[in-house]
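First comes the structure, then the notes that go with it.
In our numbering, the protein residues as written are 18 to 161.
Next comes the structure, spelled out in structure tokens:
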């Protein structure tokens, strides 16, 4: 299957039927991200204990790219410690900016690699990175 079909399949699967678009119990941090250019709005909810992302979910509305990217991000990061999550976030943002991403970084991104083609569509790149930037801000708050 070529990368365009993989991208479409992952966006459709996660963007329209995300298993992470729900409430979680005992969240201890949340953050809201908004893209005023297109109206995407994401609220991330997380339970972080002992430096590990134990659970995460989201609510909000937006295009399939923002919703799908958020869902894939959550799938990728649940169970990771905060330092690893930050590294994965950094790798994803580099991927979208068309910067060099090592083979090791690419392996950590899993399904998030499907969003690599978004880098050729600058207006859509903001949709794909909205939740990733929001999570960065949320982790910053957690460490204050």
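The C-beta atom is built at its ideal place from N, Cα and C for all residues, glycine as well.
{"query": "DSSP-derived helix/strand/coil call for residue 41", "result": "coil"}
{"query": "Residue span of the beta strand (DSSP E) that contains residue 71, given as start and end", "result": "69-78"}
{"query": "DSSP bridge partner residues for residue 48 (one or two, in chain order)", "result": "61"}
{"query": "Closest Cα partner of residue 145 within the set 158, 106 and 47", "result": "106"}
{"query": "Residue 120 in three-state terms, based on DSSP", "result": "helix"}
{"query": "For residue 136 and residue 114, the rounded distance between their alpha carbons", "result": "6 angstroms"}
{"query": "Rounded distance between the beta-carbons of residue 75 and residue 87, thought under 8 angstroms", "result": "5 angstroms"}
{"query": "Beta-carbon proximity of residue 156 to residue 99, cut-off 8 angstroms", "result": "yes"}
{"query": "Whether residue 47 touches residue 60 by CB criterion (8 angstroms)", "result": "yes"}
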